[in-house]
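Asker:
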Amino acid sequence: MKTARAGVNKAKVALGERGDVWWTDGAEDFNRRQVKNTPYAQWYESLNN
Numbered sequence: 009m010k011t012a013r014a015g016v017n018k019a020k021v022a023l024g025e026r027g028d029v030w031w032t033d034g035a036e037d038f039n040r041r042q043v044k045n046t047p048y049a050q051w052y053e054s055l056n057n
């Protein structure tokens, strides 16, 4: 299981889903967070109306 998880993590890093951010403007990375705990919470909630 440990080997499989390491492989999945390696693939996700290669795809840009994990690891260092690719942008250089200094914006924070909100990946792997619930949207309600990000600055996008209000926007996301508005989609449900």
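Counting with my numbering, you get residues 9 to 57 for the letters of the sequence shown.
Quick reminder that beta carbons are idealized off the backbone N, C-alpha and C, glycines included.
I need the DSSP call for Q50, collapsed to helix, strand or coil.
Answerer: helix
Asker: Which of the three DSSP states is assigned to R40 in this structure?
Answerer: coil
Asker: Expressed to the nearest angstrom, what Euclidean distance is found between the alpha-carbon atoms of A19 and T32?
Answerer: 22 angstroms
Asker: Just how far apart, CA to CA, sit K44 and E53?
Answerer: Going by the C-alpha atoms only, they are around 8 angstroms apart.
Asker: With DSSP run on the structure shown, which of helix, strand or coil describes G15?
Answerer: helix
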